[in-house]
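Chemist:
Protein chains in written order, with our numbering: chain L, 1 to 301; chain P, 1001 to 1301.
(1) Tell whether a beta-carbon distance below 8 Å holds between residue 295/L and residue 246/L.
(2) I want to know whether the region 1091-1105 of chain P touches the region 1035-1049 of chain P - three or more CB-CB distances under 8 Å.
(3) Going along chain P in order, which residues have a C-beta closer than 8 Å to the C-beta of residue 229/L?
(4) In this structure, what does DSSP give as the bridge partners for residue 1174/P?
(5) Just verifying my parser: in three-state terms, what is the DSSP assignment at residue 286/L?
(6) Identify whether residue 1236/P lies in helix, strand or coil by the three-state DSSP scheme.
(7) Taking 7 Å as the limit between beta carbons, can you name the residues of its chain near residue 1194/P, skipping five residues before and five after?
(8) Going along the chain, which residues of its own chain have a beta-carbon closer than 6 Å to the beta-carbon of residue 81/L, five neighbours each way excluded?
(9) Looking only at its chain, what residues have a beta carbon closer than 7 Å to the beta carbon of residue 249/L, apart from the 5 residues adjacent to it on each side?
(10) Can you list the beta strand (DSSP E) stretches of 3 or more residues lying completely in the region 97-168 of chain L, in chain order?
(11) What does residue 1067/P reach in chain L if we use C-beta pairs closer than 7 Å?
(12) Hey, residue 18/L and residue 38/L: beta-carbon distance below 8 Å or not?
(13) Measure the Cβ-Cβ separation of residue 1131/P and residue 1151/P and say whether it is below 8 Å.
(14) For chain L, find out if any of its Cβ atoms is closer than 8 Å to the Cβ of residue 1156/P; answer yes or no.
(15) Keeping to the same chain, check which residues put their C-beta closer than 6 Å to that of residue 55/L; ignore five residues upstream and five downstream.
(16) Let me check understanding here. Comparing Cα to Cα, which of 1176/P, 1241/P, 1136/P lies closest to residue 1216/P?
(17) List the whole-angstrom C-beta distance separating residue 221/L from residue 252/L, where the pair is believed to meet the contact cut-off of C-beta under 8 Å.
(18) Taking Cβ positions, are residue 1206/P and residue 1158/P nearer each other than 8 Å?
(19) Tell me which same chain residues have a C-beta within less than 8 Å of the C-beta of residue 1208/P, skipping the five on either side of it?
(20) Taking Cβ-Cβ distances below 7 Å as the criterion, which residues of the region 1028-1061 of chain P are in contact with chain L?
(21) Where are the beta strand (DSSP E) runs, 3 residues long or more, that stay fully inside the region 1005-1081 of chain P, in chain order?
(22) Quickly, what does DSSP pair residue 1087/P with across the bridge? List them, please.
(23) Using three-state DSSP, classify residue 184/L as helix, strand or coil.
(24) When the Cα of residue 1033/P is compared with those of 1089/P, 1238/P, 1079/P, which residue comes out closest?
(25) Could you compute how far the alpha carbon of residue 1020/P sits from the alpha carbon of residue 1065/P?
(26) May I ask you to list the residues that DSSP assigns as paired with residue 1299/P?
(27) So, at 8 Å on beta carbons, what are the nonlocal neighbours of residue 1028/P in its own chain, with the 5 sequence-adjacent residues on each side left out?
(28) Looking only at its chain, what residues have a beta carbon closer than 6 Å to the beta carbon of residue 75/L, apart from the 5 residues adjacent to it on each side?
(29) Under a three-way DSSP split, which group does residue 307/L fall into?
(30) Is residue 1298/P buried or exposed, if buried means 16 or more other CB atoms sit within 10 Å of its CB?
(31) Along chain P, in chain order, which residues have C-beta atoms closer than 8 Å to that of residue 13/L?
(32) Could you tell me whether the Cβ atoms of residue 83/L and residue 122/L are closer together than 8 Å?
(33) Just confirm the distance between the C-beta atoms of residue 1192/P and residue 1176/P, as a whole number of angstroms; I'd bet it's less than 8 Å.
(34) Starting from residue 75/L, find everything on chain P with Cβ-Cβ shorter than 7 Å and list it in chain order.
(35) Hey, residue 202/L and residue 2/L: beta-carbon distance below 8 Å or not?
(36) Could you tell me which chain L residues have their CB closer than 9 Å to the CB of residue 1165/P, listed as they occur along the chain?
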């Protein structure tokens, strides 16, 4: 998995501070998560092939997380897109998108599918052979979901050295990868684990923005490889965090600690802070594998 | 008057090509005309004081002319705006804006007034002591208006040299500016024009985008000081101009010629053209006082 941060700032786009949007490359997919104003420009700037995006996940309907969506949907049409596009987001997202397309009298030539979310419990919203995606119900001023991207275990891997010792035809390799034992020419049973290795470990990425401090998400994001958690404020403005249902850097770190995640990335910074290193300073006493998001930064998971 | 081009490209925003938006400074006003995605970033980049914008004019509801509006309206709220905001645009603009604000549960704290347009004839949509604004009905795929910004004649100006020859108290100057004659101490009548000059000539700016070639606008924009006319295409793509109800550079120049305007500025360029000078080359045989718009360029009127 590879995470590409297109924007990680709160409230309103500035010249060098884009609002929330990120691309997760996972297996053969390119998932777009949130889509603040100007996301399509950021996608081009990061040289991301727009046609590879087939699934867009919108956490909530605040402008800094979705005002770029209708423009992107329109641009897909102008580019002659033929592939289906799936949009996952809170109830209402279909009405507002279709109203805008109707007023512009410019329906998409490709198929546009809306998957409107309204459940308060975590649910699986996408699944294929290689991965599944769960919602992470968050606690914000409007209905909001984070998203958990979870790879499925792959096939067992052939142990190239050990397999040389046996006379196994290539066309039986797939059965070995599926975990089956093998009967040798002399009739003895070769246990699968003798010649195979465990599948590569699965990767899990959790996106949690926007949210107040909310321990109820901990079981859902337990031990993920990477947690992106919003940290709009520093401790000096904890009162604002409470009032606006956002988190501080310290609170994000405490969630990471409770969930024993592997790495924490902080984002959704308020524009009031010039010096971003204070976010690290306040988070690291509670969770030290912490990094800052930045527009254009990528994270290998 | 001073025109500040924030964006002058068609269809979809690119890294260095913003969609339509411009600011007209006229008398004490700062009028925003159209508001493509990312306009708020362009406003900041041009160091335009957002709070000075009190009236926004939207030509039509295609995304490249208004997808930045809801973000700007939201940002005004975040900045603690108190002043009223007036939005003029096609019927439907109120529904789409209010739906988005409703879904975000973030109503504006300031007063937001919608002036929805649906007439097919030119009408006055704004008037105060210093200027008035008319719609210019255009011919596009959806209901579209251009806008004519017209200063009102100012007061007569005192001729400082000539006025010294008469004994006129200062408190009578205002009457002279209003064009009244003056009775001197000896009872003789001093004709107003003896001591005053004509008012400064009025300025008129016409914004015409998007539109097919449409001679019916000529009487409305007759002899304006500056005409901004869309020129999406060059002659090589005249068929596309017809099909999409846009204009070529030559057609824009022919309108400027018919209307005997003082200056023509071309804009709304299709991104297919790298070499913008071809727009000048194709327009100038028909109207030679022609210039190209560019993002960030200003024009003194």
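Think of the CB as a built atom: it goes at the ideal place given N, C-alpha and C, for glycine as much as any other residue.
Modeler: Once the coordinates are examined:
(1) no
(2) With a cut-off of 8 Å, the region 1035-1049 of chain P and the region 1091-1105 of chain P do not count as touching, because too few Cβ pairs lie within range.
(3) None at all; the shortest Cβ gap to chain P is about 22 Å.
(4) Beta-bridge pairing links residue 1174/P to no other residue.
(5) In this structure, residue 286/L counts as coil in the three-state DSSP scheme.
(6) For residue 1236/P, the secondary structure class from DSSP, reduced to helix, strand or coil, is helix.
(7) 1162
(8) 110
(9) 231, 234, 266, 279, 282, 283
(10) 112-117, 124-127, 131-137, 145-151
(11) 70, 71
(12) yes
(13) yes
(14) no
(15) 31, 86
(16) 1136/P
(17) Residue 221/L to residue 252/L, Cβ: 12 Å. No contact.
(18) At the C-beta level, residue 1206/P and residue 1158/P stay beyond 8 Å of one another.
(19) The residues are 1136, 1138, 1146, 1217, 1221, 1227, 1228, 1229, 1230, 1255.
(20) 1037, 1038, 1040, 1041, 1044, 1045, 1061
(21) 1021-1026, 1029-1033, 1053-1057
(22) 1056/P, 1114/P
(23) coil
(24) Among 1089/P, 1238/P, 1079/P, the Cα nearest to that of residue 1033/P is on 1089/P.
(25) 5 Å
(26) Looking at the DSSP assignment, residue 1299/P forms a beta bridge with 1003/P.
(27) Taken in chain order, the residues that qualify are 1130.
(28) Closer than 6 Å at the Cβ level, and outside the excluded window around residue 75/L, lie 40.
(29) As displayed, chain L neither begins before 1 nor continues past 301, which places residue 307/L out of reach and without an answer.
(30) exposed
(31) 1038, 1040, 1041, 1071
(32) No, they are not a contact pair.
(33) 6 Å
(34) 1012
(35) no
(36) Under the 9 Å cutoff, chain L gives no residues; its nearest Cβ is about 57 Å from residue 1165/P.
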